[in-house]
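In our numbering, the protein residues as written are -18 to 267.
Glycine included, each C-beta is placed from N, C-alpha and C at the ideal position.
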């Protein structure tokens, strides 16, 4: 009897004990398509930037593709240097791809943990009903709905956290990269500012980006009013922006794991404990 009880709690705790790393190897097998894995477009863009940029069509991936096309256009028409900016962009893209793989493992691992918890709970509920020869359709439906809400809640939280954490980053990054690229050419301020959307930069001010934008605005005023160089400052800001970008990914991963644990505890384990409580009430009533 004690052995059965121990086995019961071990099975019930499996979704909490197994990390997403146990499930992530299955992920590529499920999502393989004619074009390869999900990360393939990003990897293709890295290969493109490692070769001879400008030869052939730019592979499509996130906002990086349009930024590469803009920089190539600036190189052809305005004489902007491309080697250093494109190399920086490639490195930043590689950093993002590594983080995307970690996040994909966390997300898919979370869904597999939910599925495992779902299956274990339903197996025990089925066995329990067969043992006592009692059907509880109302309670079963309640458990099903609660667990369904758990899947939806995790999906919504993923989208919400992602939008909150990475809000306006692509706009800020694109405009600062363009500004830095053009600032290395002997162009008038009017020509440079015609290719940089200053309004977008100002709308990107958030709590995490505010210190960077303060430095940028101070340097911009000196560049406009006193004619001082701004290229070095933009280079420092882009380096700092990359560090902040990685911090945002780390925060996103922590919040995502917190949401996953909450879903497992509240929606899946909680719904099963609710069924056990209702199951026990039958015996108390009788």
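Along the length of the region 140 to 218, whole alpha helix (DSSP H) runs at least 4 residues long occupy 150 to 163, 170 to 175, 179 to 184 and 191 to 207, reported in chain order. Residue 131 and residue 65 have their C-alpha atoms spaced approximately 47 Å apart. DSSP, read as helix, strand or coil, puts residue 234 in helix. Going by beta carbons, residue 128 and residue 247 fall outside the 7 Å limit. Assignment of residue 87 by DSSP, reduced to helix, strand and coil, places it in the helix class. Remark: three or more beta-carbon pairs, one from each stretch, lie closer than 8 Å, so the region 204 to 222 and the region 149 to 164 are flagged as touching.
Spanning the alpha carbons of residue 21 and residue 258 requires a straight line of approximately 48 Å.
Each residue's CA atom was taken as its position, placing residue 171 and residue 196 some 21 Å apart. Secondary structure at residue 41: coil, using DSSP grouped into helix, strand and coil.
Residue 23: member of the alpha helix (DSSP H) spanning 21 to 31, first to last residue.
Between the beta-carbon of residue 136 and that of residue 230 there is about 19 Å, and that puts the pair past the 8 Å contact cut. Buried is the label assigned to residue 139, since at least 16 other Cβ atoms lie within 10 Å of its Cβ. Around residue 256, the same chain offers 106, 120 and 124 as residues with beta carbons nearer than 7 Å, after the five sequence neighbours per side are excluded. With contacts defined as CB atoms closer than 7 Å, residue 181 and residue 156 qualify as a contacting pair. Non-local beta-carbon contacts of residue 52 in its own chain, meaning distances under 8 Å to residues more than five positions away in sequence, involve 61, 63, 66, 67, 70, 158, 159 and 162 in chain order. Exclusion of the five residues before and after residue 234 leaves 83, 84 and 87 as the residues of its chain whose Cβ lies within less than 7 Å of its Cβ.
Within its own chain, the residues whose Cβ lies closer than 6 Å to the Cβ of residue 165, once the five positions on either side in sequence are excluded, are 62 and 212, listed in chain order. When the Cα atoms are used, residue 74 and residue 251 turn out to be separated by approximately 41 Å.
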